[in-house]
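In what follows, a single structure is set out as structure tokens and then discussed.
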Amino acid sequence: MTEEVLQLGYRELADRLSISPDAARMKAKRAAKSGRWRIIPGNHPSDRVLVEIPAADLNAPERVGGEHPERVGKRTEGRTPDRTEADAITGQMVAALQSAQDRIRELTDQLTEEKDRHRETAMGLVQAETVQANAALEIDRLQVTIAELQADLQAARRSWWQRLTGR
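According to our numbering, numbering within the sequence shown proceeds without interruption in unit steps and concludes at 167.
Dropping the structure here:
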């Protein structure tokens with residue numbers, strides 16, 4: 001027993017289904033893709049396209065408001081987790097973020113302490129270099145004084161006749 005098949009154009013299909021011609025064209029493409037309907041193109045681009053539809057599909061009631069009978073059991077598998085799972089995951093993420101922020105604060109404080117210690121060490125180094133430079137100047141001044149005193153000592157050790165003759 002063969003089922004009655006109708007051949008309708010997009011406009012006629014749209015009138016029968018009470019939808020727009022574009023919606024009828026898209027519906028026909030989806031149904032043809034699933035194998036329920038067949039699209040028969042014309043021989044020329046301007047020829048009318050026909051859609052072979054079982055008569056039962058035109059008389060069958062349309063499904064209402066998003067019911068998906070074939071997907072009811074599969075809807076939750078591999079999809080967005082339930083609200084409680086999402087809340088738990090969000091809670092874990094918030095806790096991890098808070099922990100990371102605490103660690104960042106701790107490291108920032110540690111870095112600030114190290115910078116202060118480094119600054120104190122640098123100041124001590126500058127003071128030590130200043131003391132060293134002053135000591136070097138004092139050493140140079142004392143060496144000049146020593147050289148002058150040695151020259152005076154040499155002059156004082158000469159005998160009277162060396163001083164008189166200029167030797």
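For every residue, glycine included, the Cβ atom is placed at its ideal position computed from N, Cα and C. Remember, predicted model here, so these are calculated numbers, not experimental data.
| field | beta strand (DSSP E) segment containing I9, residue limits | value | The question names Ile, but residue 9 in the sequence shown is Gly. V5 to G9 is the span of the beta strand (DSSP E), which, as asked, contains G9.
| In this structure, does DSSP put P45 in helix, strand or coil? | coil
| Residue span of the alpha helix (DSSP H) that contains R25, given as start and end | P21 to S34
| said: According to DSSP, simplified to helix, strand and coil, what is R163? | reply: helix
| request: Report the partner residues of R38 according to the DSSP bridge assignment. | output: E52
| message | At the level of alpha carbons, what is the spacing between L107 and E120? | response | 20 Å
| field | R119 (DSSP reduced to helix, strand or coil) | value | helix
| Own chain partners of R38 with C-beta closer than 8 Å, once the 5 adjacent residues on each side are dropped | A32, V51 and E52
| said: Taking the alpha carbon of L6 as the reference point, which residue from I40, M26, N134 and Q110 has its own alpha carbon closest? | reply: I40
| said: With the cut-off set at 8 Å, would you say P45 and E3 are in Cβ contact? | reply: no
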